[in-house]
Each structure stands twice: as structure tokens, then as C-alpha cells.
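Residue numbers for the sequence shown follow our numbering, so the first one is 244 and each next one is one higher.
Below you'll find the structure, written out as C-alpha cells, and then a few comments.
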Amino acid sequence: MAGRRRAKRTTPEREDLSKPSPWRLQHGGFSEPVREADPETGTPVLHRRAVDTMGQMLANGTITPEMHEAGEIFRGLFRSAAFDGMATSQLLRIPGTRVEALSTLQVESRRRVAAALDALGGHDSPGGSCAWFVIGLEFSVREWAMRQGWAGRTV
């Protein structure tokens with residue numbers, strides 16, 4: 244009786260950890276690597292910064308530095324208004340209490356975000372929707388356009 248053949252053991256190829264993974268690269272590019280010294284140890288480290296949509300538009304010249312700054316202000320207000328936050332459950336639940344209390348900063352930020360969206364034509368306009376999704380939620384312009392559709396109209 245013939246013996247069973249054993250499968251050859253192959254060692255998996257090791258991933259090059261000095262470069263971004265293929266999965267990460269499909270979600271957007273990176274700036275050129277920057278060498279810096281680690282503040283704690285002083286050893287040299289290599290930083291790769293992810294490029295966001297507004298940074299890419301500024302680098303391409305499609306927006307001005309003033310537009311980029313306005314977008315960064317809107318993004319900061321959007322974050323402080325807690326519009327981009329992930330819903331979490333409370334670890335300690337007290338019966339009869341309200342879970343979602345907004346701070347004064349959140350209320351003021353939400354008011355300013357609403358005013359900015361009104362200046363862009365409202366939340367349902369292409370400008371307001373683009374600001375909400377591309378600047379606030381940090382979607383790519385392509386993801387936003389595919390999500391919205393706009394009934395075949397050009398944006």
C-alpha cells in the first residue's frame with residue numbers, strides 16, 4: 244500500500260512593512276516620506292502622511308489657499324459639532340436620565356455649520372451636500388458623486 248503524499252510546506256511571503264499595504268493604497272495616496280527624529284528616543288523615523296481630498300485639490304491648484312483654510316475651519320466645526328462621531332453605547336446606564344446632552348461648544352458649532360450650509364444653498368443643494376460629505380465626513384468627491392446621483396444632472 245502506497246503512503247500518502249504530504250503537502251509541501253510553503254512559507255508565506257512576508258509583507259514589506261516599510262511601505263503602505265495594498266489595502267491602504269486603494270483608499271488614497273500618500274505624500275512623499277519625511278524623515279524625522281523621534282522626540283522621545285531621538286531615533287530616525289519615516290513618516291508617510293495620508294493625503295486628503297482638500298490637500299490634493301490645493302496641491303493641484305483647483306482650490307486656493309483661502310478656500311483650503313475655509314474648508315479646514317468647516318471640518319473643525321463639523322468635528323466639534325460631533326456630526327462625524329461614531330455612535331457608542333453607554334457603559335453606565337442610569338434609568339430616567341437622558342444620554343445625549345450637547346455641550347455649549349457642540350451647540351455653537353452646529354449653529355455655525357448650519358449657517359455655512361445655508362450660505363452654500365442648504366443641505367439638499369449640491370454645494371451643501373458636497374461640503375457635508377466631502378469636507379465634513381471626508382468622503383472623496385467620487386464617492387460623494389456616486390452616492391448622490393443627482394438624477395443624472397451634472398454637479
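Every residue gets a Cβ at the ideal spot worked out from N, C-alpha and C, and that includes glycine.
Computed from a predicted structure; not experimentally measured.
Which residues does DSSP list as the beta-bridge partners of residue i?
i	result
Glu279	Val288
Measure the Cβ-Cβ separation of residue i and residue j and say whether it is below 8 Å.
i	j	result
Thr296	Ser383	yes
Arg291	Ile378	no
Arg278	Leu289	yes
Ser323	Gln349	yes
May I have the straight-line CA-CA distance separating residue i from residue j, to the nearest angstrom?
i	j	result
Gly368	Gln391	In the sequence as presented, Gly is not what sits at residue 368; that position holds Ser. Approximately 11 Å, taken between the alpha carbons.
Met310	Arg257	43 Å
Phe376	Phe321	11 Å
Glu315	Ala374	11 Å
Ala362	Phe326	19 Å
Glu212	Arg354	As displayed, the chain neither begins before 244 nor continues past 398, which places residue 212 out of reach and without an answer.
Pro344	Val356	According to the sequence as given, residue 344 is Ala; it is not Pro. About 19 Å.
Asn303	Glu275	15 Å
According to DSSP, is residue i part of a helix, a strand, or is it coil?
i	result
Glu256	coil
Ala362	helix
Ser323	helix
Ile306	coil
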